[in-house]
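Asker:
Residue numbers (my numbering): 452 to 636.
1. Would a C-beta distance cut-off of 9 Å place residue 548 and residue 492 closer than the cut-off?
2. Could you check the C-alpha separation between residue 558 and residue 552 for me, to the nearest Å?
3. Skipping 5 residues on each side, what residues in its chain have a beta carbon closer than 7 Å to that of residue 502?
4. To the nearest angstrom, report how far apart residue 571 and residue 615 are at their CA atoms.
5. Distance, Cα to Cα, residue 632 vs residue 624?
6. Looking at the structure shown, is residue 620 part of a helix, part of a strand, or coil, going by DSSP?
7. Once you ignore the five residues that flank residue 516 on each side, which residues in its own chain have a CB closer than 7 Å to its CB?
8. Quick one: grab the DSSP three-state call for residue 530.
9. Provide the residue span of the alpha helix (DSSP H) that contains residue 582, from first to last.
10. May I ask you to verify whether the region 595-611 touches the region 558-569, counting CB pairs closer than 8 Å and requiring at least 3?
11. Output the distance between the C-alpha atoms of residue 596 and residue 494, rounded to the nearest integer angstrom.
12. Checking 9 Å against the spacing of the C-beta atoms, do residue 544 and residue 489 come in under that value?
13. If I measure Cβ to Cβ from residue 483 and keep anything under 7 Å in the same chain, skipping five residues before and after, which residues do I get?
14. Residue 481 lies in the alpha helix (DSSP H); which residues open and close that run?
15. Along the alpha helix (DSSP H) that carries residue 508, what are the first and last residues, could you check?
16. Just tell me which of 634, 588 and 618 has its CA closest to the CA of residue 479.
17. Tell me which same chain residues have a C-beta within less than 7 Å of the C-beta of residue 634, skipping the five on either side of it?
Next up, the structure:
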């Protein structure tokens, strides 16, 4: 039984390896973009830590969700599914921020030496990542509707995790960030 599961994961992993643009879409680009979005949470946390800016930013979050809902139909996506996926992106980002706040509070020597500007340095990167993620949701729509989606996505998440050398905090957040990607019945 274990051998069979291992074989299934191996085959799914091979299917998830980055392919040329002309090949059928897999989950690599979607997952890699989600990993990059999880990693940008470090800069968000660094910009907010020690300031009155809270981790939760309902106004900014709603702007992102409204934008996603408005753009989704033009890409052939269900707006409620796209909003659910991006809500997971936002929550994963907050998981990282909270984890870093706890670390920096307990070990002040690990605090980042600089405070990036949210408006000019960080949010434009997040906006580009969001655009890429929304596009990849459209590109991978058929694959995300397949019953094999969960396994293929899980393998791709582990590959992205290893490729980017994510620590436990970021690895957990990456898993959370794509939990709504599969839409099969």
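All C-beta atoms in this analysis are idealised placements derived from N, C-alpha and C, irrespective of residue type, glycine included.
Answerer: Per the coordinate set shown:
1. Within the chain shown, numbered from 1, the residue matching residue 548 stands at position 97. Within the chain shown, numbered from 1, the residue matching residue 492 stands at position 41. Cβ atoms of residue 548 and residue 492: closer than 9 Å.
2. Walking along the chain shown from the start, residue 558 turns up at place 107. Walking along the chain shown from the start, residue 552 turns up at place 101. Roughly 10 Å between the two C-alpha positions.
3. In the chain shown, the residue the question calls residue 502 occupies position 51. Once the five neighbours on either side are set aside, residue 502 has no close Cβ partner at all.
4. Taking the first residue of the chain shown as position 1, residue 571 is located at position 120. Taking the first residue of the chain shown as position 1, residue 615 is located at position 164. Rounded to the nearest angstrom, the gap between the Cα atoms of residue 571 and residue 615 is 25 Å.
5. For the purposes of this step, residue 632 is taken as residue 181 along the chain shown, with counting starting at 1. For the purposes of this step, residue 624 is taken as residue 173 along the chain shown, with counting starting at 1. One C-alpha to the other measures close to 14 Å.
6. Looking up residue 620 in the chain shown gives position 169. Three-state DSSP puts residue 620 in a helix.
7. As a first step, residue 516 is located in the chain shown; it is residue number 65 there, counting from the start. 534, 537 and 538.
8. Residue numbering aside, residue 530 sits at position 79 when the chain shown is read from its first letter. Three-state result, residue 530: helix.
9. For the purposes of this step, residue 582 is taken as residue 131 along the chain shown, with counting starting at 1. Segment 574-590, the alpha helix (DSSP H) holding residue 582.
10. As far as the Cβ criterion goes, the region 595-611 does not touch the region 558-569, which means the pair count is below three.
11. As a first step, residue 596 is located in the chain shown; it is residue number 145 there, counting from the start. As a first step, residue 494 is located in the chain shown; it is residue number 43 there, counting from the start. One C-alpha to the other measures close to 34 Å.
12. As a first step, residue 544 is located in the chain shown; it is residue number 93 there, counting from the start. As a first step, residue 489 is located in the chain shown; it is residue number 38 there, counting from the start. Yes; because the gap between Cβ atoms is below 9 Å, this pair is in contact.
13. Taking the chain shown and counting its residues from 1, the one referred to as residue 483 is at position 32. If we look at residue 483 and ignore the five residues flanking it on each side, its Cβ neighbours are 611.
14. Numbered from 1 along the chain shown, position 30 holds the residue referred to as residue 481. 479-499 is the extent of the alpha helix (DSSP H) around residue 481.
15. Here residue 508 refers to the residue found at position 57 of the chain shown. The continuous stretches of alpha helix (DSSP H) do not include residue 508, and DSSP gives it neither H nor E.
16. Reading the chain shown from its first residue, position 28 is the one you call residue 479. When each option's Cα is compared against that of residue 479, the closest is 588.
17. Taking the chain shown and counting its residues from 1, the one referred to as residue 634 is at position 183. Cβ neighbours of residue 634 beyond the five flanking positions: 532, 595 and 596.
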